[in-house]
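Trainee:
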Amino acid sequence: AQSVTQPDIHITVSEGASLELRCNYSYGATPYLFWYVQSPGQGLQLLLKYFSGDTLVQGIKGFEAEFKRSQSSFNLRKPSVHWSDAAEYFCAVGGRIGATNKLIFGTGTLLAVQP
Amino acid sequence: GAVVSQHPSRVICKSGTSVKIECRSLDFQATTMFWYRQFPKQSLMLMATSNEGSKATYEQGVEKDKFLINHASLTLSTLTVTSAHPEDSSFYICSASQGAIYGYTFGSGTRLTVV
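Protein chains in written order, with the working numbering: chain A, 1 to 115; chain B, 1 to 115.
#1: 8 angstroms is my cut-off, CB to CB: does Phe-106(B) come that close to chain A?
#2: So, does the segment 24-42 of chain A touch the segment 78-93 of chain A, judging by three or more C-beta pairs under 8 angstroms?
#3: Do you know whose CA, among Leu-33(A), Leu-44(A), Ser-84(A) and Gly-43(A), lies nearest Glu-64(A)'s CA?
#4: What's the gap between the Cα of Tyr-104(B) and the Cα of Gln-114(A)?
#5: So which of Pro-79(A), Gly-98(A), Thr-107(A) and Tyr-50(A) has the shortest CA-CA distance to Lys-68(A)?
#6: Do the segment 4-13 of chain A and the segment 99-108 of chain A touch if we need at least three Cβ pairs shorter than 8 angstroms?
#7: For chain A, check one thing: does any of its Cβ atoms lie closer than 8 angstroms to the Cβ of Thr-78(B)?
#8: Residues bridged to Cys-94(B) by DSSP?
#9: Do the segment 8-23 of chain A and the segment 74-87 of chain B touch if we need at least three Cβ pairs shorter than 8 angstroms?
#10: Which residues share a DSSP beta bridge with Tyr-32(A)?
#11: Under 8 angstroms, Cβ to Cβ, is there at least one residue of chain B near Phe-105(A)?
#12: Suppose only complete runs of 3+ residues qualify. What are the beta strand (DSSP E) ranges in the segment 57-112 of chain B, listed by chain order?
#13: Does Lys-14(B) pass the burial test, meaning 16 or more other C-beta atoms within 10 Å, or should it be called exposed?
#14: At a cut-off of 7 angstroms, would you count Ser-70(A) as near the ligand COA, judging by its Cβ distance to the nearest heavy atom?
#15: Does chain A have any CB closer than 8 angstroms to the CB of Phe-34(B)?
#16: Measure the CB-CB distance between Val-11(B) and Gly-107(B) and report whether it falls below 8 angstroms.
#17: In the DSSP assignment, what residue or residues form a beta bridge with Ala-87(A)?
#18: Looking at the secondary structure, which residues open and close the beta strand (DSSP E) in which Ala-65(A) lies?
#19: Assign Ser-25(B) to buried or exposed, taking buried as 16 or more other Cβ atoms, counted over all protein chains shown, within 10 Å of its Cβ.
#20: For my contact list, Ser-90(B) and Phe-39(B) are in at a C-beta cut-off of 8 angstroms; report their separation, rounded to the angstrom.
#21: Do you know how far the Cα of Asp-54(A) is from the Cα of Lys-41(B)?
#22: Of all the residues that make up the segment 28-49 of chain A, which are near chain B by a beta-carbon distance shorter than 9 angstroms?
#23: Using a C-beta to C-beta distance shorter than 9 angstroms, which residues of chain A count as neighbours of Ala-100(B)?
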């Protein structure tokens with residue numbers, strides 16, 4: 001079955017420190033992978049996506065993610081976190097699942113940033 | 001870029017009444033639209049997938065008679081919560097897609113409160 005796992009429910013980092021948010025997926029074929037960010041009470045903003053090609057993808061706001069097929073992972077990274085990065089981050093896998101095109105989300109990681 | 005408009009952003013209704021939420025793709029034609037429900041501090045749960053002109057495909061456990069979905073055109077989908085009860089109070093988010101490889105664009109969400 002298709003699924004997405006984000007092992008870290010909550011992470012706290014200091015402003016200026018590096019960040020890595022973990023994501024593992026289960027999908028029968030090459031997945032379409034996404035990272036979204038959500039501020040409280042808001043919709044979702046796409047940070048980056050991977051479809052094919054270069055396994056290191058660059059996104060907005062200084063984020064990047066690396067697709068590792070052997071580990072079924074798509075971890076999100078940022079070299080230096082800003083206070084405005086505090087939000088909920090969701091990893092998602094999309095594509096044809098069964099008969100329909102779907103996007104399935106992980107449980108999310110809540111990022112807190114300390115001054 | 002692709003924009004999805006979702007209205008209303010907030011709605012309060014009395015128990016037993018019905019509420020309609022609209023989701024419009026403003027600058028692209030969405031072959032598929034998705035409706036998600038999000039409980040506080042939780043991930044997005046896919047409720048249903050709808051293709052233009054077809055009946056919606058509901059996820060297991062989602063009552064199709066309670067959550068009516070209509071996708072009458074390539075730019076509009078509606079979710080009607082019928083005979084709403086307090087347990088239906090939640091954050092509902094729609095998403096539109098031209099196909100997985102084009103990605104998924106999200107609306108800003110609707111906060112439904114049933115009193």
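C-beta: ideal position from N, C-alpha, C; glycine also. Keep in mind it's a predicted model, so treat the numbers as computed, not measured.
Mentor: Taking the coordinates as given:
#1: To locate residue 106(B), count along the second sequence from 1; it is residue 106. Chain A, which has a Cβ nearer than 8 angstroms to the Cβ of Phe-106(B), makes this yes.
#2: yes
#3: Numbered from its first residue, the first sequence carries residue 64(A) at position 64. Answer by Cα proximity: Leu-33(A).
#4: Taking the first residue of the second sequence as position 1, residue 104(B) is located at position 104. Taking the first residue of the first sequence as position 1, residue 114(A) is located at position 114. Near 32 angstroms, if we compare the C-alpha coordinates of Gln-114(A) and Tyr-104(B).
#5: By 1-based counting over the first sequence, the position of residue 68(A) is 68. Answer by Cα proximity: Tyr-50(A).
#6: yes
#7: Within the second sequence, numbered from 1, the residue matching residue 78(B) stands at position 78. Closer than 8 angstroms: no.
#8: Stepping through the second sequence from its first residue, residue 94(B) is reached at position 94. Answer is Trp-35(B).
#9: no
#10: Residue numbering aside, residue 32(A) sits at position 32 when the first sequence is read from its first letter. BP columns for Tyr-32(A) point to Gly-94(A).
#11: By one-based count along the first sequence, residue 105(A) stands at place 105. With 8 angstroms as the cut-off, Phe-105(A) counts as an interface residue toward chain B.
#12: 67-73, 76-81, 90-99 and 103-106
#13: Residue mapping note: residue 14(B) aligns to position 14 of the second sequence, counting from 1. Answer is exposed; the Cβ neighbour count stays below 16.
#14: For the ligand COA, the structure offers nothing, since it holds no ligand at all.
#15: Residue mapping note: residue 34(B) aligns to position 34 of the second sequence, counting from 1. Yes, its Cβ sits closer than 8 angstroms to a Cβ of chain A.
#16: As a working note, residue 11(B) is residue 11 in the second sequence. As a working note, residue 107(B) is residue 107 in the second sequence. No.
#17: Taking the first sequence and counting its residues from 1, the one referred to as residue 87(A) is at position 87. Ala-87(A) pairs with Leu-111(A).
#18: Along the first sequence, one-based indexing puts residue 65(A) at 65. Start and end: 64-68.
#19: The sequence position of residue 25(B) within the second sequence is 25, counting from 1. Buried, by the Cβ-count rule.
#20: Translated into positions along the second sequence, residue 90(B) becomes position 90. Translated into positions along the second sequence, residue 39(B) becomes position 39. Ser-90(B) to Phe-39(B), Cβ: 6 angstroms. Contact.
#21: Counting from 1 along the second sequence, the entry for residue 41(B) is found at position 41. Counting from 1 along the first sequence, the entry for residue 54(A) is found at position 54. Taking the straight line joining both Cα atoms gives about 33 angstroms.
#22: Tyr-32, Phe-34, Tyr-36, Gln-38, Gly-41, Gln-42, Gly-43, Leu-44, Gln-45, Leu-46 and Lys-49
#23: As a first step, residue 100(B) is located in the second sequence; it is residue number 100 there, counting from the start. Correct list: Tyr-32, Phe-51, Gly-94, Gly-95, Arg-96, Asn-101, Lys-102 and Leu-103.
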